[in-house]
Each structure stands twice: as structure tokens, then as C-alpha cells.
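One structure is given below, encoded as C-alpha cells.
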């Protein structure tokens, strides 16, 4: 008994203790960083039906059964199935779903110093004759070389003809012509098919709603009807956008007086403008991607502060 009492108590190694403290703080910091990054990279928001070729529409929905023999609301109910949809398949909407191409073009013309207004008027006459219209126009009369930029909407069937006539305007020299086309036939047909499928589902829900006998059944089925109607409205808006962009092409005509094209295509002013745009884009990208790093650094700083505080108290 005396030998045990006289034996000195073991002394804890302070270096070993701090190693364990720093190791624990490091593990906690890594776990928190992984949690923050994983949370930030997870998709947010609710999924919605889109007009892209990869979008899909639920092929079955589960309405609330009504009438005799209907199961309780907590039990599973038979499903109402809609016809499967083939993505990109042509719908039964008729010839409107034939080839739909979004066409855009840009023509740059150089004219005499006093012919800018006359050339713009001649181009407008060509577009109006093809049943197009002016959607935007900018004219600059400052300096010795006036300029004009006009954007037209032209029926897609008349796009090539109008483009050829604009290039042939008297007294104008064509310096640049750019055209592009995007086929949206599949996207339009896909959107139309989704609308038809959802419309059929809505009709079945309305038939079930007419037979509802309780408030719970009515509210449940009405919620389904509202959800389907919201999807239909969204798809119809997308269809209108696709139809408008493919029915009317966009043609931009730049008219520049002689001697002014050099100032428009180069020079210190344009270089400075591009530098400012690049700087602003870089700052936006830096701010957009610095949020997660800031959270991780904040967590690490807090852990280091706590570790230092514990060390001071222990020493």
C-alpha cells in the first residue's frame, strides 16, 4: 500500500495532447467543408416540365377515387394512365408542326456620308413590302460619319428574298453578311405533344371532380387539376415563343457612312470597352464562385480560434 502511494503519477505529454486537439479540429473542419460543398452543389428548386427534347411528362397520375366503393383517402387508389409520349414525335396539330427554323441575319452596308437616311428608308421599304416590320432602330448623327442600326422582323418564308434585296440596295457597299439558322421543329412538336397529354389528363380529372361527394375528395382532385393546368399554361407560353421566333426571322442592318466603319470596328475606344466588359465579367465570376470558399474559410477560422482558446486555458 505504501509503494503504490509513493509512486509518482504519470505526467501527460503536452505535445501529444495538442496533436490530438489539432487532429480533431482538422477532422471537424474537413467534415464541415464537405457538408457545405455537398449542400451547395445539390440542385435546388422544384422540377418543372420544359420544352426541351429531353423533358418528360408523367404518364400516369393517381386521382382520388369517388363514388361507391372508393377506398379511404389514406389508401392507394387506382391510377389514371395517359398515352405514352414519344419525345420529338410530330403531333397531330397539322401542318403548323412542319419544319420550323429560327433564322437570323446581319448585313453591314457602307454608303456615302449623306446617304445613310436614304439607305435606311430603302431597306425599310423592302421589309415592309414583305410584310415585315421594324422592331428596333438606333441612329447616330454625331460626328462626320453618321450610322444607323435597324432590326427587322421578317416572315421566315421571305427571309432569303429580303436579304438579297437589302444587299442589292443602290449606292450601298456590302462589307459583311452573317446568317444562321436553328431547327426547333423537335422542340415545338415535343411541347405540343406534352400539351395534348396534359389536356387529356385534365379532362379525366375534371370528370372525377364532377363525381366527388366529400370535401376531402373535392379538394384533393381540384389540387391535381390546378397542377396540371399550371403545366399546360407554362408549355403553351413556351410554344408561343417557339412559334413566334420560327414564324418571323430577325434581320439586323447596319448602315455606316464612308470613313466611319474604322471607328466602329476598332480603335482605342472599342478596346477600352472590351477591357471593361472583360473586367466586369471576371469580377462577377469571382463573386459567384467565392461563396463556398468563404464559408469553408470561416469554419476553419472559427475552429482555429477555439483551438487557441483551449490551448491558452490548458497552459
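Residue numbers (the working numbering): 57 to 371.
Ideal Cβ positions, reconstructed from N, Cα and C, are used throughout, including at glycine.
- Within the model, the alpha-carbon separation for residue 157 versus residue 267 is close to 46 Å.
- DSSP places residue 164 in the strand class (E or B) of the three-state scheme.
- In this structure the stretch 296-312 does not lie against the stretch 273-282, because fewer than three pairs of beta carbons, one per stretch, are closer than 8 Å.
- Taken in chain order, the complete beta strand (DSSP E) segments of 3 residues or longer contained in the stretch 248-330 are 304-313.
- For residue 175, the secondary structure class from DSSP, reduced to helix, strand or coil, is helix.
- Around residue 233, the same chain offers 163 as residues with beta carbons nearer than 6 Å, after the five sequence neighbours per side are excluded.
- Residue 252 counts as buried, since at least 16 other C-beta atoms from the protein chains shown sit within 10 angstroms of its C-beta.
- A straight-line Cα-Cα distance of about 37 Å links residue 265 and residue 154.
- If you look at residue 190, you'll find it in the beta strand (DSSP E) that goes 189-196.
- Annotation for residue 237: the continuous beta strand (DSSP E) segment containing it runs 229-239.
- As computed with DSSP, residue 156 is found in no beta bridge at all.
- Contact check for residue 249 against residue 298 fails: the beta carbons are separated by 8 Å or more.
- One Cα belongs to residue 191, the other to residue 240, and the distance between them is close to 22 Å.
- If you compare the alpha carbons of 206, 355 and 201 with that of residue 189, the shortest gap goes to 206.
- Here residue 226 has 178 as same chain residues with Cβ atoms under 8 Å from its own Cβ, once five neighbours each way along the sequence are excluded.
- Contact annotation, residue 186 with residue 218: C-beta distance approximately 5 Å; criterion of less than 8 Å satisfied.
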